[in-house]
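Novice: Okay, handing you the structure first.
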Amino acid sequence: MLSRLRQRLPQLLCAWLMCVMPLVAHAGDVLRVLAWPGYADPDVVKAFEQRTGARVEITFVDSDEVLWQRITQNQAEDFDLFAVNTAELQRYIPKGLVVPINTRAIPNTHLQLPRFQQLKSIPGIVHGNQAYAVPYTYSEMGLIYDRAQFATPPNSIQALWDPKYKGRVLVYNGGTHNFSLAAQMLGDKTPFQVDAKEWPAAVQQLLALRRNALTFYTQPEESVEWFKRSKAALLFANYGSQQVKLLQAAGLNVGYTIPKEGALAWLDCWAITRGAKNMALAEAWIDYMLEPEPGQVLLSRQGLANTTSESPYLHPGDRLIWLEPVEDVDRRNLLWSRIVSGDRANKVLAP
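Letter by letter, the sequence shown follows residues -27 to -1, 1 to 324 in mature numbering (1 follows the signal peptide of the UniProt record, and there is no 0).
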């Protein structure tokens, strides 16, 4: 037995070193992470700190604009990495605020589902044959419906416009996504680029949606309150499965479906800033976040899908349309504000 132990000693020593080396390599280091609520819960962070010996400083944001402000206010020197969706990522790359990621240094990318390993097939991640982010979590903007008011699940976004549900439809209060929704209704293959001649038709679609809607929500918790209090029939779920989980937790009998036109979907990734002080530690964080435990936390606590296992909210054949930069964010939001205020089409489109 002693001889066998001696034979295995080099293997045991190697295994021990593999466990200890990360602690030695990162002990005393600080990792500065900018993330969304639910992406870095205290117990998840603590496990990473214990494994690496590093200390993690988490700063949370609640909007894309705040994220932009925090990264740009000191030319990305205040954080090592951050979570950002693929459409927003396009703002950071040309400004040189993020750096290419060596995916070979993140072995857990091999645990991801094939569609998330094929980075070139995801709009916005790869530029000049270099990857600038690693997919982490996502959610689609499906339709949530009250099972008591639908004999069968709605299979099209046209249900949002159905006069049968007038005054019982909840819509997200955002011009960017709503104009993409209108473009889908018009049959556009690229809902993120509204052609000049299509603006009047898109506005008419959203004016009709306004007339059919009960109200417009901003935060997911707000949508739950409206759905419950007003006995809503249908909800355009800007936060997708996250809202499903919240509504079910509130005791509501709701279903969730992806329309036949496909669902707009955001994909949040981890990106490393040009101000990162310890590239290896930032890579270790991304690698850790792709392990099963953090991924399960996302699903069980937030209702958000991870990139290493199939989402229980989706079915084979469901089509997701990853968000891309739109032709004019400011114009979309301006026109939407006029639509919500009750203006007619000619005033909405006025210069």
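Don't be surprised by glycine CBs; every beta carbon is placed ideally from N, CA and C.
What are the boundary residues of the alpha helix (DSSP H) that includes P324?
Specialist: From DSSP, P324 is part of no alpha helix (DSSP H); its letter is neither H nor E.
Novice: Would you report the Cα separation of A20 and P127, rounded to the nearest angstrom?
Specialist: One C-alpha to the other measures close to 42 Å.
Novice: For the ligand ZN, I want to know if V144 counts as a neighbour, meaning its beta carbon is within less than 7 Å of at least one of the ligand's heavy atoms.
Specialist: Although the ligand ZN was asked about, the structure shown includes no ligands whatsoever.
Novice: Does the count of Cβ pairs from the stretch 223 to 234 and the stretch 281 to 291 closer than 8 Å reach three?
Specialist: Contact holds: three or more Cβ-Cβ distances are below 8 Å.
Novice: With contact counted as at least three CB pairs below 8 Å, one residue from each stretch, are the stretch 275 to 283 and the stretch 103 to 122 in contact?
Specialist: Yes, the stretch 275 to 283 touches the stretch 103 to 122.
Novice: Under a three-way DSSP split, which group does C242 fall into?
Specialist: If DSSP states are grouped into helix, strand and coil, C242 belongs with the strands.
Novice: In the DSSP assignment, find the unbroken alpha helix (DSSP H) run with R64 in it and report its ends.
Specialist: Taken as a continuous stretch (DSSP letters only), the alpha helix (DSSP H) holding R64 covers 59 to 65.
Novice: Between which two residues does the alpha helix (DSSP H) carrying Y261 extend?
Specialist: Segment 252 to 262, the alpha helix (DSSP H) holding Y261.
Novice: Distance check for F89 and E61, CA to CA, integer angstroms please.
Specialist: Cα to Cα, E61 sits roughly 18 Å from F89.
Novice: Pick from E256, Y65, N102, V302: whose alpha carbon is nearest that of N81?
Specialist: Of E256, Y65, N102, V302, the residue nearest in Cα terms is E256.
Novice: To the nearest angstrom, how far is it from the Cα of R247 to the Cα of L84?
Specialist: Rounded to whole angstroms, R247 to L84 spans 27 Å at the Cα level.
Novice: Can you list the beta strand (DSSP E) stretches of 3 or more residues lying completely in the stretch 268 to 304, in chain order?
Specialist: Segments of the beta strand (DSSP E) lying fully in the stretch 268 to 304: 293 to 295.
Novice: Is it buried or exposed, H100, if we count other Cβ atoms within 10 angstroms and call 16 or more buried?
Specialist: With fewer than 16 other Cβ atoms within 10 Å, it is exposed.
Novice: Q216 and P193: beta carbons closer than 8 Å?
Specialist: In this structure, P193 lies closer than 8 Å to Q216 by Cβ.
Novice: Could you tell me the alpha carbon to alpha carbon distance between V(-4) and N306, rounded to whole angstroms?
Specialist: Here the model assigns V(-4) a pLDDT of 43, short of 50, so the residue's position is not dependable, and the following value carries that caveat. Going from the Cα of V(-4) to the Cα of N306 covers about 50 Å.
Novice: Sorted by chain position, which residues of the same chain lie with C-beta nearer than 6 Å to Q269's C-beta, five sequence neighbours on each side aside?
Specialist: Taken in chain order, the list of residues that qualify is empty.
Novice: Tell me Y229's beta-bridge partners as DSSP assigns them.
Specialist: Per DSSP, I117.
Novice: Sort out for me which residues DSSP pairs residue 325 with in a bridge.
Specialist: The chain is shown only over -27 to 324; residue 325 falls outside these bounds and no answer can be derived.
Novice: Less than 8 Å separating the beta-carbons of L187 and R120?
Specialist: No.
Novice: For Q178, count the other beta carbons within 10 Å of its own beta carbon; 16 or more makes it buried, fewer makes it exposed. Which is it?
Specialist: Buried, since its Cβ has 16 or more Cβ neighbours within 10 Å.
Novice: Between which two residues does the alpha helix (DSSP H) containing A222 stretch?
Specialist: Residues 214 to 222.
Novice: Please state whether the Cβ-Cβ distance between I245 and D53 is less than 8 Å.
Specialist: Their beta carbons are under 8 Å apart, which means I245 touches D53 by this criterion.
Novice: Out of P10, R24, D51, E300, state which residue places its alpha-carbon closest to the alpha-carbon of L254.
Specialist: Checking every option, the nearest Cα to that of L254 belongs to R24.
Novice: Can you grab the Cα-Cα spacing for the pair T149 / L133, in whole Å?
Specialist: Each residue's alpha carbon lies about 17 Å from the other.
Novice: In three-state DSSP terms, what is Q48?
Specialist: Of the three classes helix, strand and coil, the one that applies to Q48 here is coil, per DSSP.
Novice: Using only the alpha-carbon positions, how far apart do S314 and K320 sit?
Specialist: Computed Cα separation, rounded: 11 Å.
Novice: Label G69 either buried or exposed according to how many other C-beta atoms from any shown protein chain fall within 10 Å of its C-beta, with 16 as the threshold for buried.
Specialist: Counting Cβ neighbours within 10 Å, G69 comes out exposed, since fewer than 16 surround it.
Novice: If I measure Cβ to Cβ from N185 and keep anything under 6 Å in the same chain, skipping five residues before and after, which residues do I get?
Specialist: Cβ neighbours of N185 beyond the five flanking positions: W134, K139, V142.
Novice: Just to confirm before moving on: does the CB-CB distance between S153 and L237 stay below 8 Å?
Specialist: Taking 8 Å as the Cβ cut-off, S153 and L237 qualify as a contacting pair.
Novice: What is the C-beta distance between Y190 and Y118, in whole angstroms, given that I count them as a contact (C-beta under 8 Å)?
Specialist: In fact, because the Cβ distance is near 16 Å, the residues do not count as touching under 8 Å.
Novice: So V243 packs on L4, CB below 8 Å; how close in whole Å?
Specialist: Rather than Val, the amino acid found at residue 243 in this sequence is Trp. In fact, because the Cβ distance is near 12 Å, the residues do not count as touching under 8 Å.
Novice: Identify which residue in E50, F200, F33 has its Cα closest to the Cα of N251.
Specialist: Considering only alpha carbons, the answer is E50.
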